[in-house]
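In what follows, a single structure is set out as C-alpha cells and then discussed.
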Amino acid sequence: MKHGIFIKLSYSQDNEVCNLSYSVQVVSTQKQLEQAFSIRTAVFVAEQQVPHELEIDEWEQEATHFLLYQDSQKVLGTSRLRMLDEKTAKAERVAVLADARGLGAGKRLMHAMEKYARELGATQMVLNGQARVEKFYEQLGYRIVGEPFMDANIKHYHMEKRL
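full-length UniProt numbering numbers the first residue of the sequence shown as 1 and each following residue consecutively.
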C-alpha cells in the first residue's frame, strides 16, 4: 500500500518567503498518472529528444509517482521512486517544466521524495542524474559514484546520498 504525502512549501530556494506555494502529492489516480506522463513527455521526449519507448518502461507499475503542484492547482513537475531493497531508494524520472526551473520546485520535489523514502525505512537514495543537472543534485547532498555513462544519448552520473 502506498502512503500519502502532502507537503506545502512557500519559500524560495534561498529560504526567503515568496509568493510561490508548492505542494507534492503521491499519485493515486489514473488522471494524476497521466499528468505525470505528460510532464515527462514534455521534458524528456519533446525537449530532450529521448525516444518515447525509452521513457515509459517496465517499472511504472512498481514505482511510486509524485506530482509537484504550484498553488495546489498547476502541475509543474513529477518524479518516481522505487525501493531497490529495504534500505535503498532510487529517485527516477525527475522532471520539472522549463518555466518552473530555478525557482526551487525541483528541490521541493526531491525533498518530498527523500522524506517519503525515509518513511519507508530507506537510509540511502540513489539516482542516475543527467550531467547538465549534476550541480543541482550536488547542492542537495548527492555525490557522484563512478564514471559517467550514456543513457538515451545523454551523459549521466550515478549519484547517491545518505538519508
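Even for Gly, the Cβ is constructed at its ideal location relative to N, Cα and C.
- Within the DSSP secondary-structure output, LEU127 pairs in a beta bridge with ALA91 and MET159.
- For PHE149, the uninterrupted beta strand (DSSP E) run begins and ends at 149 to 151, by DSSP.
- Here the alpha carbon of GLN25 sits roughly 7 Å from the alpha carbon of LEU68.
- When the five nearest sequence neighbours on each side are left out, the beta carbons in the same chain lying within less than 8 Å of the beta carbon of PRO51 are those of VAL45 and ALA152, in order along the chain.
- The beta-carbon separation of PHE66 and GLY106, rounded to 12 Å, does not stay under the 8 Å limit for a contact.
- Around the beta carbon of MET113, 16 or more other beta carbons sit within 10 angstroms, so the residue counts as buried.
- Of the residues GLU34, TYR22, PHE37 and GLU55, the one whose Cα lies closest to the Cα of ILE154 is GLU55.
- Annotation for GLN139: no beta strand (DSSP E) segment contains it, though the alpha helix (DSSP H) segment containing it runs 134 to 139.
- In terms of Cβ geometry, GLU92 and MET125 do not form a close pair [threshold 8 Å].
- Secondary structure note for TYR116: its alpha helix (DSSP H) is the uninterrupted segment 105 to 119.
- Each residue's CA atom was taken as its position, placing ARG162 and GLU134 some 17 Å apart.
- If you look at ARG40, you'll find it in the alpha helix (DSSP H) that goes 30 to 40.
- It is roughly 14 Å from the alpha-carbon of LEU84 to the alpha-carbon of GLU60.
- VAL96 carries a strand assignment under DSSP once its states are collapsed to helix, strand and coil.
- Per the C-alpha coordinates, the member of TYR116, ARG132 and THR64 positioned closest to SER28 is THR64.
- In the structure shown, the three-state DSSP call for VAL75 is strand.
- The three-state secondary structure of VAL45, taken from DSSP, is helix.
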